[in-house]
Amino acid sequence: MTELKPHAAHWGAFTAVVDNGRLTTVQPFPGDPNPPALLASIPDAVHSPVRIDRPYVRKGWLAGDRAGGTPRGGEPFVPVDWDTTIRLVAGEVARVRDRFGPASIFGGSYGWSSAGRFHHARSQLHRLLATAGGFTAQLTNYSYAAGMTLMPHIVGTNAVIEGPVVEWRDIVVHAKQLVCFGGITLRNGQITSGGAGRHEMAYWLRRAAEAGVKLVNISPIRTDMPDFAQAEWIPIRPGTDTALMLGMAHVLIAEGRHDAVFLDRCTTGFGRLRAYVLGEADGTARTPAWAAAITGVPEATIIRLARDCAALPTMLSAAWSVQRAEHGEQPFWMLAALAAMLGHIGQPGQGFAYGMGSMNGMGTPRLEIPSIGLPALPNPANSFIPVARVTEMLERPGQDYDYNGRRLTYPDARMIWWAGGNPFHHHQDLNRLLRAWARVETIVVSEPWWTAPARHADIVLPATTTLERDDIGSSARDRHILAMKQAIQPFAQARNEFDYLADVADALGVRDRYTMQRDVPAWLRVLYQRGRDAGARMGAELPDFDTFWAAGAVEVAAPAQASVPFADFVRNPAAAPLNTPSGRIEIFSERIAGFGYDDCPGHPVWLAPREYLGGERAGTYPLHLLSVQPATRLHGQLDQARVSLASKIEDREPILMQAADAAARGLAEGDIVRVFNDRGACLAGLRVTDGLLPGVAVMATGAWFDPLEPGVPGSLCVHGNPNVLTQDVGTSRLGQGPSAQSCLVQVEAWRGALPPVKVHAPPPIEPAGA
Ligand SMILES: Nc1nc2c(c(=O)[nH]1)N[C@H]1C(S)=C(S)[C@@H](COP(=O)(O)OP(=O)(O)OC[C@H]3O[C@@H](n4cnc5c(=O)[nH]c(N)nc54)[C@H](O)[C@@H]3O)O[C@H]1N2
Ligand SMILES: Nc1nc2c(c(=O)[nH]1)N[C@H]1C(S)=C(S)[C@@H](COP(=O)(O)OP(=O)(O)OC[C@H]3O[C@@H](n4cnc5c(=O)[nH]c(N)nc54)[C@H](O)[C@@H]3O)O[C@H]1N2
Ligand SMILES: [Mo]
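With our numbering, the residue at position 372 of the sequence shown is 868, and numbering never jumps.
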């Protein structure tokens, strides 16, 4: 018997085709003009041999080992029944809470989970831990932590990064040039957090190209803009975009091409930046020649680019990746300052935007209805860390650090609970994480699959996949609300987060506060109705729940007019001031200057990173490794399925190198190589290309961490997870964001026998009682 069920994932809406209880294939959403190739991987993932079939506990932990110093990942697991598991987990929550305080339960649990907004593992876990007394949370995200911390100081909101950005339909009509730092990478347009009914990035980029908008791809990688865009490619050394923008600013100032009227009306502090650019205080003028030496972009190109920007109605964009680096605040700040100098901010299709090529839905026509989501509960522990400071938190309990003008203290984490995220995917310097991981007494991980966090846990909770439950998909970045109907029965003993967390809540005496005495159908109705009410307040009529559920999806009509960020403000800055101390765009920020951070002073500056091609360390590790988003999966998700597996070279994650860099090392297409620095090493399969700036190597993130010797920090990752190589430092004391893109490595041929990739099969398991 064949059944069809509407469903959705972060990589798109689809129809699940179920034959005799098995998901056999998925059909793309009928309304999607450009459905992601990733959809083909779903059946493999759901029915994968690496699914977790029942609860497990690490053998040593079960035998009473709570002491710090235990290297996790190297011991077998023992099967345990659900009742015992619930008791163990609830017991640990109560023990740690009562003995050390709730802030010692680290429940930040960063990660994307799945698209359904109710069974969103991380949100459910937060509700449980909040009702149970509190936990330490994580603030901001790995995507744009530096940017979202900085922008409110500069323009009064971080909406320019995650909310309404300049719309494509205006760019097509009003812009004559679109300059993209980090390009517009179509592979990234496959993804929308919460799912999407339409994928439009390629469509709009094509429309812009056809309309004659001049496209400029400033990036180390040529294919960051597709061929059809016929973009000018300006290769740039990674991590040096701020220097390029400063060189452009110098041209504008020296040639009197900056918009003095706009700067005067709408900004504050331009004089400080101007003095810096001209070198008045320190004697170093940030000329195009100065910028050329840092960026590798020829002086003449910088001058022409600056003149073109002044002459043509121009839109400036930066990928989020550009700030995922040391001093990542600077390029985002400088982009806004440069746009202000051009004076086009607040005009349709012009000004500046972030992330237009980073995720589907940025700049597409839509009403900004808040996405449907599980409401957060107040966290009684009132404890958090900036998201990417997790290893440092484990290393330095009780010690102080700076963040965004505040002096904070790291909590003493004794227990970690992760649900719906993969720190062994997302965090940098995994060997350092692994050492710090050993200081914790108890680590609980819930996962549908034996990913690295599950393998490095003490207690493993088997979660259902999204196909095994009813839910609602929704994103503020898409016009659709998607019914996600259960398509298959839960696998083996896997359970929904909500169900087993209710049992944990029960054991802790807080079941009703956690569930609010609602079952899943009641919750879905409540969440939908909240979205419907929000829509009504904004003039969007949504059908009632039953109509929505029967239809499988509803589309919220797009407003006839595009929204133009900053339009009201620019029309009348006094009447519609920004939410900044001055009410204006702050090219100089007294507030940030007042923090006294040498790594993020009062206006945008060029600060040489520790790791980039222009630094000393490049003498030892001469290749800049960019770890970009994977075309073949979402982060670590779907790595075990066909689209990702087909991209591997002898089961290893590919690494891209420039032909001359490969030849200089005696390497050829298809070779297995060892990528290394003093933090770690991994294997990879070589792809040779001429589309890279020499000196740059590229690996996608997301190959599951697979150490040759599990449990031994520093062991070779035989599969190709680039985060064994990346450095774990905050972008600055302001944003404390992750700096994954600032990473130098060396590459050599792998000469030994090729160790097998083991991570797509379950880890060693011992029979109970053995
Ligand atoms: N070097 C480098 N590192 C990076 C980046 C980079 O550019 N370079 N990018 C960073 C960015 S932008 C991000 S957002 C992060 C992403 O990092 P993560 O969001 O942590 O990565 P995912 O693989 O999506 O992790 C989600 C996990 O949730 C699990 N999951 C899915 N559904 C469920 C469910 O229903 N229940 C439970 N319990 N689990 C579920 C999946 O199996 C998966 O393991 O990575 C960051 N890391
Ligand atoms: N297919 C797929 N799509 C995804 C994701 C995924 O896992 N898979 N993840 C999603 C998530 S969570 C996020 S946050 C977004 C992230 O979106 P982004 O941060 O924009 O994505 P990246 O692929 O890391 O980087 C985009 C490009 O920036 C360029 N770049 C890197 N460093 C520099 C630099 O210093 N200067 C310049 N000029 N360019 C540079 C690289 O060439 C890279 O190809 O992607 C989303 N989209
Ligand atoms: Mo992200």
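Beta carbons are placed, not taken as given, at the ideal position from N, Cα and C, and that holds for glycine.
Requested in this report: Return helix, strand or coil for T791, following the three-state DSSP convention.
Outcome: In the three-state DSSP reduction, T791 falls in the helix class (H, G or I).
Query raised in the report: Who does N713 pair with in a DSSP beta bridge?
Result: Partner(s): C676, W729.
Query raised in the report: What's the C-alpha gap between M980 and E1165?
Result: C-alpha separation (whole angstroms): 43 Å.
Query raised in the report: Terminal residues of the continuous alpha helix (DSSP H) containing F1091?
Result: Counting along the chain, the alpha helix (DSSP H) containing F1091 begins and ends at 1086–1091.
Query raised in the report: A617 lies in the alpha helix (DSSP H); which residues open and close that run?
Result: Looking at the DSSP string, the run of the alpha helix (DSSP H) that includes A617 is 617–627.
Requested in this report: Taking 8 Å as the cut-off, decide whether the C-beta atoms of Y552 and I1261 are in contact.
Outcome: Between Y552 and I1261, the C-beta spacing is below 8 Å.
Requested in this report: Using DSSP bridges, identify the partner residues of A1196.
Outcome: Listed as beta-bridge partners of A1196 by DSSP are V1124.
Query - CB of L890 within 8 Å of CB of A915, strictly - result: Taking 8 Å as the cut-off, the beta carbon of L890 is found no closer than this to the beta carbon of A915.
Query raised in the report: Of all the options P502, M497, S544, which has the alpha carbon lying nearest to the alpha carbon of R1138?
Result: Out of P502, M497, S544, S544 has the C-alpha closest to the C-alpha of R1138.
Requested in this report: Could you name the residues that DSSP lists as bridge partners for W913?
Outcome: W913 pairs with V940.
Query raised in the report: Which residue spans inside the region 572–651 form an unbroken beta strand (DSSP E) run of at least 3?
Result: Within the region 572–651, the beta strand (DSSP E) runs of at least 3 residues that lie entirely inside it are, in chain order, 573–575, 632–635.
Query raised in the report: Would you say S1238 touches ligand 1, meaning its beta carbon is less than 7 Å from a heavy atom?
Result: At a threshold of 7 Å, S1238 does not count as near ligand 1, since its beta carbon sits no closer than that to any of the ligand's heavy atoms.
Report task. Reducing DSSP to helix, strand and coil, say where M980 ends up. Result -> The DSSP-derived three-state label of M980 is strand.
Query raised in the report: Alpha carbon to alpha carbon, what distance is there between A533 and R683?
Result: Using only the alpha carbons, I get a separation of about 10 Å.
Report task. Name the residue from H922, G629, V574 whose alpha carbon lies nearest to the alpha carbon of V1006. Result -> Looking at H922, G629, V574, the one whose alpha-carbon comes closest to that of V1006 is G629.
Query raised in the report: Taking 7 Å as the line, does the beta carbon of W786 fall inside it for any heavy atom of ligand 1?
Result: No - ligand 1 has no heavy atom lying nearer than 7 Å to the Cβ of W786.
Query raised in the report: Is the closest heavy atom of ligand 1 to the C-beta of G1176 under 7 Å?
Result: Not so, every heavy atom of ligand 1 lies at least 7 Å from the Cβ.
Query raised in the report: Does the region 852–863 come close enough to the region 575–587 that 3 or more CB-CB pairs lie under 8 Å?
Result: Output reads no: the region 852–863 does not touch the region 575–587.
Query raised in the report: Does the beta carbon of N637 fall short of 7 Å from some heavy atom of ligand 3?
Result: Yes, since a heavy atom of ligand 3 falls inside the 7 Å radius drawn around the Cβ of N637.
Query raised in the report: Below 8 Å between beta carbons: does that hold for L742 and R782?
Result: Yes, the Cβ-Cβ distance between L742 and R782 is below 8 Å.
Query raised in the report: Between the region 1112–1123 and the region 1226–1242, are three or more C-beta pairs nearer than 8 Å?
Result: Because the criterion of three Cβ pairs below 8 Å is met, the region 1112–1123 and the region 1226–1242 touch.
Query raised in the report: In this structure, what does DSSP give as the bridge partners for A512?
Result: Per the DSSP secondary-structure output, A512 pairs in a beta bridge with K501, V522.
Query raised in the report: According to the neighbour-count rule (16 or more other Cβ atoms, all chains shown, within 10 Å of its Cβ), is N900 buried or exposed?
Result: Buried, by the Cβ-count rule.
Query - Beta-carbon gap between I667 and M811 smaller than 8 Å - result: Taking a C-beta distance under 8 Å as the contact criterion, I667 and M811 qualify as a contact pair.
Query raised in the report: DSSP beta-bridge partners for G847?
Result: DSSP links G847 through a beta bridge to M811.
Query raised in the report: What do you reckon, are the CB atoms on L1020 and R1028 nearer than 8 Å?
Result: No, these two residues do not count as a Cβ contact at 8 Å.
Report task. Specify the secondary structure class of Y906 as computed by DSSP and reduced to three states. Result -> In the structure shown, Y906 sits in coil (DSSP, three-state: anything other than H, G, I, E or B).
Query raised in the report: With a cut-off of 8 Å, do at least 3 Cβ pairs link the region 876–887 to the region 913–928?
Result: Flag = yes, the region 876–887 and the region 913–928 touch.
Query - Helix, strand or coil at D666 [DSSP, three-state] - result: DSSP, reduced to helix, strand and coil, places D666 within a helical segment of the structure shown.
Query raised in the report: Any heavy atom of ligand 2 closer than 7 Å to the Cβ of F677?
Result: Under cutoff, so the answer is yes.
Query raised in the report: According to DSSP, is F880 helix, strand or coil?
Result: Three-state DSSP puts F880 in a strand.
Query - Cβ neighbours of T719 in the same chain (closer than 7 Å, five flanking residues each side left out) - result: Only G1187 meet the Cβ criterion.
Query raised in the report: For Q895, which residues of its own chain have a beta-carbon under 6 Å away from its beta-carbon, when the five flanking residues on both sides are left out?
Result: Cβ within range, chain order: Y906.
Requested in this report: Return the chain-ordered list of same chain residues with a C-beta closer than 6 Å to the C-beta of L929, the five sequence neighbours on each side being excluded.
Outcome: Hits under 6 Å: T887, H923.
Query raised in the report: Contact check, R694 vs G527 under 8 Å by CB: the rounded distance?
Result: About 6 Å; that satisfies the 8 Å criterion.
Query raised in the report: Among T1227, A559, M497, which has the Cα closest to the Cα of N516?
Result: Put simply, of T1227, A559, M497 the residue whose alpha carbon is nearest the alpha carbon of N516 is M497.
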